[in-house]
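*Asks:* For the record, in the sequence shown the residue sitting at position 189 is 204 according to the numbering used here, with numbers rising by one throughout.
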Amino acid sequence: MLPRRPALQAVRSLATEVGAANNTLHAPTPPLSTTKSAVTRSKPLLEAAVIVNRSPTITRSPSRFEKTFFQYQSRIARALHNPFPYEFYFKQGSPLEAQFNIEERSRERQAFGRLTRTMWDTTEANLEAAKLAKEEVGKRATRFTEADKRKDLRSLDRRGERNLYLVTKSEDSSWSFPRAAIRKGEFLHQTAERALYPHCGVNVDTWLVGRKPIGLYKPAEPTEGHERLVFFYKMHILAGQVEPNGSSAVDFAWLTKEEIKGYVEREYWRGVKDMLSDS
Numbered sequence: 016m017l018p019r020r021p022a023l024q025a026v027r028s029l030a031t032e033v034g035a036a037n038n039t040l041h042a043p044t045p046p047l048s049t050t051k052s053a054v055t056r057s058k059p060l061l062e063a064a065v066i067v068n069r070s071p072t073i074t075r076s077p078s079r080f081e082k083t084f085f086q087y088q089s090r091i092a093r094a095l096h097n098p099f100p101y102e103f104y105f106k107q108g109s110p111l112e113a114q115f116n117i118e119e120r121s122r123e124r125q126a127f128g129r130l131t132r133t134m135w136d137t138t139e140a141n142l143e144a145a146k147l148a149k150e151e152v153g154k155r156a157t158r159f160t161e162a163d164k165r166k167d168l169r170s171l172d173r174r175g176e177r178n179l180y181l182v183t184k185s186e187d188s189s190w191s192f193p194r195a196a197i198r199k200g201e202f203l204h205q206t207a208e209r210a211l212y213p214h215c216g217v218n219v220d221t222w223l224v225g226r227k228p229i230g231l232y233k234p235a236e237p238t239e240g241h242e243r244l245v246f247f248y249k250m251h252i253l254a255g256q257v258e259p260n261g262s263s264a265v266d267f268a269w270l271t272k273e274e275i276k277g278y279v280e281r282e283y284w285r286g287v288k289d290m291l292s293d294s
């Protein structure tokens with residue numbers, strides 16, 4: 016007869032599995048209060064922040080390549096265009112005709128370089144036209160404003176060819192974009208609009224671009240055991256100026272993207288840098 020040792024081993028293994036299953040079924044259930052506290056601890060804190068933008072007020076300075084390209088295109092356009100029939104529009108010998116000739120020769124010199132012939136003659140009409148043109152042109156405004164000379168970071172007139180963003184300083188000396196915690200029954204875009212005025216006052220006219228956030232920032236360290244999520248909204252300033260209340264915000268500055276990097280914390284910068292314009 017065959018030995019029955021394998022059958023006994025099978026019975027023992029089956030009994031072991033049944034015993035383990037019974038132990039699993041009769042495991043102690045955690046208290047209900049502990050389960051609720053775990054769910055509450057994992058619930059994130061929602062906040063909304065606004066990135067207030069002052070758009071460029073002047074055109075960007077062209078690069079060296081762009082200047083060369085524009086000059087090349089101007090030469091081609093002036094070489095191929097039909098001559099303007101100025102004798103049909105201006106009376107011969109009038110100051111307006113002389114003024115047009117002076118301006119036309121100036122444009123020719125700008126496109127092709129200094130001409131070999133005399134730029135203008137010294138007739139009385141030409142002298143009067145030159146004086147009139149000088150009065151009409153006046154003084155050209157500079158791209159470097161008084162705010163740039165004073166290095167006034169609070170002025171909206173600085174860095175006219177760049178995008179500026181509003182950052183505020185809190186009581187703990189940390190710089191960030193204005194933000195606020197969401198309230199019960201409040202939408203995120205409403206929280207974003209509300210976040211601006213405690214920091215900046217009511218004497219500022221702004222426009223919220225949309226009701227959807229443009230970015231999300233998740234701090235690495237939780238706040239009081241809760242995960243914190245900050246949704247960012249874009250906003251444009253139309254008029255007015257920021258007036259911090261002194262409690263939630265003690266100072267403010269209008270900075271470019273590169274300047275913001277030197278004010279905010281490194282982790283915060285890594286989370287918001289892609290939401291800002293490089294220009």
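Here a beta-carbon is modelled for each residue, glycine too, at the ideal position from N, C-alpha and C. Computed from a predicted structure; not experimentally measured.
What are the uninterrupted segments assigned as beta strand (DSSP E) that are 3 or more residues long and contained completely in the segment 181-216, given in chain order?
*Replies:* Segments of the beta strand (DSSP E) lying fully in the segment 181-216: 194-196.
*Asks:* Would you call the segment 92-100 in contact with the segment 201-215, where contact means no fewer than 3 C-beta pairs closer than 8 Å?
*Replies:* The segment 92-100 vs the segment 201-215: no contact.
*Asks:* Excluding the 5 residues flanking residue 160 on each side, which residues of the same chain have their C-beta closer than 6 Å to its C-beta?
*Replies:* Answer for residue 160: 172, listed in chain order.
*Asks:* With respect to the alpha helix (DSSP H) encompassing residue 116, which residues constitute its N-terminal and C-terminal limits?
*Replies:* Residues 110-127.
*Asks:* Report the CB separation of residue 179 from residue 271 in whole angstroms; it is logged as a contact under 8 Å.
*Replies:* About 6 Å; that satisfies the 8 Å criterion.
*Asks:* Alpha carbons only, please: which of 84, 203 and 218 is nearest the one belonging to residue 228?
*Replies:* Out of 84, 203 and 218, 203 has the C-alpha closest to the C-alpha of residue 228.
*Asks:* Answer yes or no: do residue 67 and residue 181 have a C-beta to C-beta separation smaller than 7 Å?
*Replies:* Their beta carbons are under 7 Å apart, which means residue 67 touches residue 181 by this criterion.
*Asks:* Could you name each continuous beta strand (DSSP E) segment of 3 residues or more that falls completely within the segment 238-290, going from the start of the chain to the end?
*Replies:* List check, beta strand (DSSP E) in window: 243-255 and 266-270.
*Asks:* Are the beta-carbon atoms belonging to residue 269 and residue 276 less than 7 Å from one another?
*Replies:* No, they are not a contact pair.
*Asks:* Grouping DSSP H, G and I as helix and E and B as strand, with all else coil, what is residue 169?
*Replies:* Residue 169 falls in the coil class under three-state DSSP.
*Asks:* Hey, would you say residue 59 sits closer than 7 Å to residue 258, going by beta carbons?
*Replies:* No, these two residues do not count as a Cβ contact at 7 Å.
*Asks:* Between the Cα of residue 186 and the Cα atoms of 274, 260, 247 and 127, which residue gives the shortest distance?
*Replies:* When only C-alpha atoms are compared, the closest one is 260.
*Asks:* Is DSSP giving residue 87 helix, strand or coil here?
*Replies:* Three-state DSSP puts residue 87 in a helix.
*Asks:* From which residue to which residue does the beta strand (DSSP E) around residue 62 run?
*Replies:* It spans 60-69 - the beta strand (DSSP E) in which residue 62 sits, taken as one unbroken run.
*Asks:* Hey, how far is the Cα of residue 63 from the Cα of residue 162?
*Replies:* If you take the alpha carbons of residue 63 and residue 162, they lie about 31 Å apart.
*Asks:* Per DSSP, which one or two residues make a beta bridge with residue 219?
*Replies:* 255.
*Asks:* To the nearest angstrom, report how far apart residue 126 and residue 157 are at their CA atoms.
*Replies:* Approximately 23 Å between the Cα atoms of the pair.
*Asks:* Which residues in the same chain as residue 250 place their Cβ atom closer than 6 Å to its Cβ, once the five residues preceding and following it in sequence are excluded?
*Replies:* Same-chain partners within the cutoff: 65, 67, 221 and 223.
*Asks:* On the DSSP letters alone, give me the boundaries of the alpha helix (DSSP H) that residue 159 sits inside.
*Replies:* It is not in any alpha helix (DSSP H) - residue 159 carries neither H nor E in the DSSP assignment.
*Asks:* Taking C-beta to C-beta, are residue 184 and residue 265 nearer than 7 Å?
*Replies:* Going by C-beta atoms, residue 184 is nearer than 7 Å to residue 265.
*Asks:* When you compare each of 282, 278 and 274 to residue 293 by their alpha carbons, which one comes out closest?
*Replies:* Considering only alpha carbons, the answer is 274.
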